[in-house]
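Novice: I'd like to ask some things about the structure below.
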Amino acid sequence: MRRATKLSSAALGLALLAATGTAVAAANHGDDDWPYAQHSAASATAAASYTLAAVGDIACEPDDAENAANPASLKCGSATLGGMSAEFATAKQAQAMHPDAVALLGDEQYQVGKLTDFEQSFEQAWGGLKMLERPAPGNHEYYPYTKKGDNEAGQNGAGYFGYFNGHDQAGTPNAQGQAGDDTADDQGWYSYNLGNWHIVSLNAECDSDAFKHDCSTTDGGLLARETQWLSQDLAANRHPCTIAYWHQPAFSATTASTATVPASAPGAGGVEGGATDAWWKLLYQHHATLVLNGHEHAYARLRPMNPAGQYDPAHGIPEFIVGSGGEALDTLAGTPGHYDNPNVVTAQASAFGGMKLTLKPHSYSWDYQPVQPGPGFDSTSLQYSDSGTGTCH
C-alpha cells in the first residue's frame, strides 16, 4: 500500500526520488558537481546501482540559551561526547559517498529533539544533505529525558517532524513531508524505492504519549496499525530486494540493551525491540534482504537470522547496527570472537562513522569506515573497517 504524499516545491527532488528511485538531473552540472544527479530520467532503470548512506545517533544537544539549565556533560562541548566535530565528520563522510539517499536510523538530535536543537546542531552539520535524508525517529525524538541530572519534556516527534517536514509560522509541523505523515493515525512510517530496492522506514517509539504507551502490535492501537501497514506494504511490493530500518534493534551487540534479555534473543533493545519482533516475522516471511538499526552507539554486523534470533544462512536477514553517528559511544557486550551475542560477526565502539551501501539490481555491498576517534581513543581506532557483499533472497 503506497500513500500519495504532497510535498513542497523545495522537496520536489526527494519526492521524485521516493516515487521513482531517481534523483532529478540538475541542468548544466558535470559529473563532479553531484547535487544530486546520480541518475537522469533516461538512465534510471532497475539495472542501475544506487548508493545509500546509513547512520544514526548523531547530533549533540546544543549549548544555547534554551538549554542553559541542562547539565553541561550532556551538551556539545562535553569531553565525554563526540560533539560538533564528530557530527561534522560523519556528515562529511556521508557527503563524500555522493549518496542517492541517506537513511537516518533515529536519534538524529539529542536530548529530546526540540526544533531549536535540530536547527542549532543537526542542521549545522547535516543540513547540506537534507533533501536526500530519509529519516526514522528514535527515542530521543519522542521521549522525555530525565537522566544524569537532566529534566526535559518529551517532544513526541514535534521537533523531528517540524525539522524534516517543515512547519508553519507558529512552529506547528506540517502533516506531510519527507519524514512521512504526522497525524494521530500515522506517525511517520513510509516506504520508497531505489531501482530494484524497496526501502521501508518505521517508527518504533511506542512507549510515548503519541502511541499512548501501547507497544502491542495486535490490539488496534497505533503500533498495531503501523504493523498492519507494513504487512500490506510488503505484500504489495514487487521489487526483488528489500531493506527495512528503525531505531531500536531487535537483537543486540552492546551492554546497554542486555540487562534483562539475552543479546541473542528478540527484544534485547527494550520494549520497542520486543515489539519489532512482529516486524521481523513479516520481513522474514517476505524475504527481506537487510535490517538496519541504530540506538546502540556502536557499529555491529550480525549474521543472517530468523525471527527467533537463530542463525539462518539460507533465509535469514542480516542486521546492521550503525549507531556511531557522532553523539556518544557505548560498550560492546563481549570481545571479538567472544561476543555475548554469538550472531555478532564484527563490531566496534571506539570511533564514529557511517556505512555506505551500494545497491545493485540483485545484490549489494557494504563499506563501514570510522572517521573520528571516540572520547578516550586515539587514531588507532580508525584502523577498523568492515566491508563485503551479499545477494537478495
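The working numbering puts the first residue of the sequence shown at 96, with every later residue one more than the last.
All C-beta atoms, glycine included, are put in the ideal place defined by N, C-alpha and C.
Under 8 Å by Cβ, that's how I've got Pro357 and Gly369 pegged, so tell me the actual separation to the nearest angstrom.
Specialist: Indexing the sequence shown from 1 puts residue 357 at position 262. Indexing the sequence shown from 1 puts residue 369 at position 274. The Cβ separation is near 13 Å, so there is no contact.
Novice: Ignore the nearest five residues each way along the sequence and tell me which others in Lys455's own chain have a CB closer than 6 Å to its CB.
Specialist: Taking the sequence shown and counting its residues from 1, the one referred to as residue 455 is at position 360. If we look at Lys455 and ignore the five residues flanking it on each side, its Cβ neighbours are Ser144.
Novice: Can you name, in chain order, every residue of its own chain whose Cβ lies under 6 Å from the Cβ of Thr441, other than the five neighbours on each side?
Specialist: Indexing the sequence shown from 1 puts residue 441 at position 346. Result list for Thr441: Arg396 and Asp481, in chain order.
Novice: At what residue ranges does the segment 438 to 462 contain a whole run of the beta strand (DSSP E), taking only runs of 3 or more?
Specialist: If we require 3 residues or more, the beta strand (DSSP E) runs fully inside the segment 438 to 462 come out as 439 to 443 and 446 to 454.
Novice: Could you please give the first and the last residue of the uninterrupted beta strand (DSSP E) stretch that includes Met400?
Specialist: Here residue 400 refers to the residue found at position 305 when the sequence shown is read from its first residue. Tyr394 to Met400 is the extent of the beta strand (DSSP E) around Met400.
Novice: Using a threshold of 9 Å, state whether the C-beta atoms of Asn234 and Glu367 are closer than that.
Specialist: Position 139 of the sequence shown, counted from the first residue, corresponds to residue 234. Position 272 of the sequence shown, counted from the first residue, corresponds to residue 367. Going by C-beta atoms, Asn234 is nearer than 9 Å to Glu367.
Novice: List the endpoints of the continuous alpha helix (DSSP H) containing Ser522.
Specialist: No answer is possible for residue 522: the residues shown for the chain start at 96 and end at 488.
Novice: Are the beta-carbon atoms belonging to Glu422 and Leu387 less than 9 Å from one another?
Specialist: The residue labelled residue 422 in the question sits at position 327 within the sequence shown. The residue labelled residue 387 in the question sits at position 292 within the sequence shown. Not a contact, by the Cβ cut-off of 9 Å.
Novice: Cβ of Thr185 within 9 Å of Cβ of Gln467?
Specialist: By 1-based counting over the sequence shown, the position of residue 185 is 90. By 1-based counting over the sequence shown, the position of residue 467 is 372. Yes; because the gap between Cβ atoms is below 9 Å, this pair is in contact.
Novice: For Phe213, I'd like the list of residues in its chain whose CB is within less than 8 Å of its CB, leaving aside the five on either flank, ordered along the chain.
Specialist: The residue given as residue 213 occupies position 118 in the sequence shown. Excluding residues within five positions, the ones whose Cβ falls inside 8 Å are Ala154, Glu203, Gln204, Gly254, Tyr255, Gly257 and Tyr258.
Novice: Is it right to say Asp314 is buried, meaning 16 or more other beta carbons lie within 10 angstroms of its own, or is it exposed?
Specialist: In the sequence shown, residue 314 corresponds to position 219, counting from 1. Exposed, by the Cβ-count rule.
Novice: With a cut-off of 8 Å, do at least 3 Cβ pairs link the segment 147 to 167 to the segment 435 to 452?
Specialist: Yes, the segment 147 to 167 touches the segment 435 to 452.
Novice: Would a C-beta distance cut-off of 9 Å place Gly201 and Pro157 closer than the cut-off?
Specialist: Taking the sequence shown and counting its residues from 1, one reaches residue 201 at position 106. Taking the sequence shown and counting its residues from 1, one reaches residue 157 at position 62. No; because the gap between Cβ atoms is not below 9 Å, this pair is not in contact.
Novice: Give the straight-line distance between the Cα atoms of Gly469 and Thr426, rounded to the nearest whole angstrom.
Specialist: Your numbering for residue 469 matches position 374 in the sequence shown. Your numbering for residue 426 matches position 331 in the sequence shown. Taking the straight line from one Cα to the other gives about 12 Å.
Novice: Would you report the Cα separation of Gly116 and Lys243, rounded to the nearest angstrom?
Specialist: As a position in the sequence shown, residue 116 is number 21, starting the count at 1. As a position in the sequence shown, residue 243 is number 148, starting the count at 1. Annotation note: pLDDT 40 at Gly116 (below 50); position unreliable, no value reported.
Novice: Can you give the Cα-Cα distance for Asp281 and Pro431, rounded to whole angstroms?
Specialist: Along the sequence shown, read from residue 1 onward, the residue named residue 281 stands at position 186. Along the sequence shown, read from residue 1 onward, the residue named residue 431 stands at position 336. Each residue's alpha carbon lies about 41 Å from the other.
Novice: Return the Cβ separation of Asp277 and Pro166 in integer angstroms, given the expectation that the two are a contact with Cβ distance under 8 Å.
Specialist: Within the sequence shown, the letter at position 182 stands for residue 277. Within the sequence shown, the letter at position 71 stands for residue 166. In fact, because the Cβ distance is near 30 Å, the residues do not count as touching under 8 Å.
Novice: Quick one: residues in its chain with C-beta nearer than 6 Å to the C-beta of Pro408, no 5 flanking neighbours on either side, listed in chain order?
Specialist: Within the sequence shown, the letter at position 313 stands for residue 408. Cβ neighbours of Pro408 beyond the five flanking positions: Pro399.
Novice: Taking Ser482 as part of the beta strand (DSSP E), name the residues at either end of that continuous run.
Specialist: Here residue 482 corresponds to residue number 387 of the sequence shown, with the count starting at 1. First-last of the beta strand (DSSP E) with Ser482: Asp481 to Thr486.
Novice: Would you identify the three-state DSSP class for Val295, choosing helix, strand or coil?
Specialist: Locating residue 295 in the sequence shown gives position 200, where the first residue counts as 1. Strand, per DSSP.
Novice: Could you tell me whether the Cβ atoms of Gly316 and Phe306 are closer together than 9 Å?
Specialist: Counting from 1 along the sequence shown, the entry for residue 316 is found at position 221. Counting from 1 along the sequence shown, the entry for residue 306 is found at position 211. It is a contact, given that the beta carbons lie within the stated cut-off.
Novice: Beta-carbon separation of Tyr285 and Ser303 under 9 Å?
Specialist: Residue numbering aside, residue 285 sits at position 190 when the sequence shown is read from its first letter. Residue numbering aside, residue 303 sits at position 208 when the sequence shown is read from its first letter. No, these two residues do not count as a Cβ contact at 9 Å.
Novice: Which runs of the beta strand (DSSP E) at least 3 residues long sit entirely within the segment 188 to 261? Give them in chain order.
Specialist: 196 to 200 and 228 to 231, all fully within the segment 188 to 261.
Novice: Checking 9 Å against the spacing of the C-beta atoms, do Ser419 and Tyr394 come in under that value?
Specialist: Here the question's residue 419 lines up with position 324 in the sequence shown. Here the question's residue 394 lines up with position 299 in the sequence shown. Yes, the pair counts as a contact, with Cβ atoms nearer than the cut-off.
Novice: Using three-state DSSP, classify Gln264 as helix, strand or coil.
Specialist: Numbered from 1 along the sequence shown, position 169 holds the residue referred to as residue 264. Coil, per DSSP.
Novice: Using the C-alpha atoms, what's the distance from His293 back to Gln443?
Specialist: Counted from its first residue, the sequence shown places residue 443 at position 348. Counted from its first residue, the sequence shown places residue 293 at position 198. Computed Cα separation, rounded: 28 Å.
Novice: Using three-state DSSP, classify Gln467 as helix, strand or coil.
Specialist: The sequence position of residue 467 within the sequence shown is 372, counting from 1. Looking at Gln467 - three-state DSSP - the assignment turns out to be strand.
Novice: Who are the near neighbours of Val207 in its chain, counting only those whose CB is closer than 8 Å to its CB and skipping five residues on each side?
Specialist: As a first step, residue 207 must be located in the sequence shown, where it is residue number 112. His235, Glu236, Tyr238, Pro239, Tyr240, Glu247, Ala248, Gly249, Gln250 and Gly254, listed in sequence order.
Novice: In chain order, what residues of the same chain have a beta carbon less than 8 Å from the beta carbon of Val40, not counting five sequence neighbours either side?
Specialist: With the chain running from 96 to 488 in the structure shown, residue 40 is simply not present.
Novice: Taking DSSP as the reference, what is the three-state secondary structure of Lys307?
Specialist: Numbered from 1 along the sequence shown, position 212 holds the residue referred to as residue 307. In this structure, Lys307 counts as coil in the three-state DSSP scheme.
Novice: What does the Cβ neighbour count give for Thr371, buried or exposed, with the cut at 16 atoms within 10 Å?
Specialist: Position 276 of the sequence shown, counted from the start, is the residue given in the question as residue 371. Buried, by the Cβ-count rule.
Novice: Assign Ala121 to one of three DSSP states: helix, strand, or coil.
Specialist: In the sequence shown, residue 121 corresponds to position 26, counting from 1. Residue placement at Ala121 is poorly supported in this model, since its pLDDT is 35, which falls under 50; the coordinates are not used for a value here.
Novice: May I ask you to report which of helix, strand or coil DSSP gives Thr350?
Specialist: Indexing the sequence shown from 1 puts residue 350 at position 255. Helix, per DSSP.
Novice: Looking only at its chain, what residues have a beta carbon closer than 8 Å to the beta carbon of Tyr434, apart from the 5 residues adjacent to it on each side?
Specialist: Here residue 434 is taken as the residue at index 339 of the sequence shown, counted from 1. These residues qualify, in order along the chain: Ala348, Ala358, Leu427, Ala428 and Ala442.
Novice: Per the DSSP calculation, Lys170 is bridged to which residue(s)?
Specialist: Here residue 170 refers to the residue found at position 75 of the sequence shown. For Lys170, which the question treats as bridged, DSSP gives the partners Glu156.
Novice: So is Tyr287 buried or exposed if we call it buried at 16+ other beta carbons inside 10 Å?
Specialist: As a first step, residue 287 is located in the sequence shown; it is residue number 192 there, counting from the start. That one is buried.
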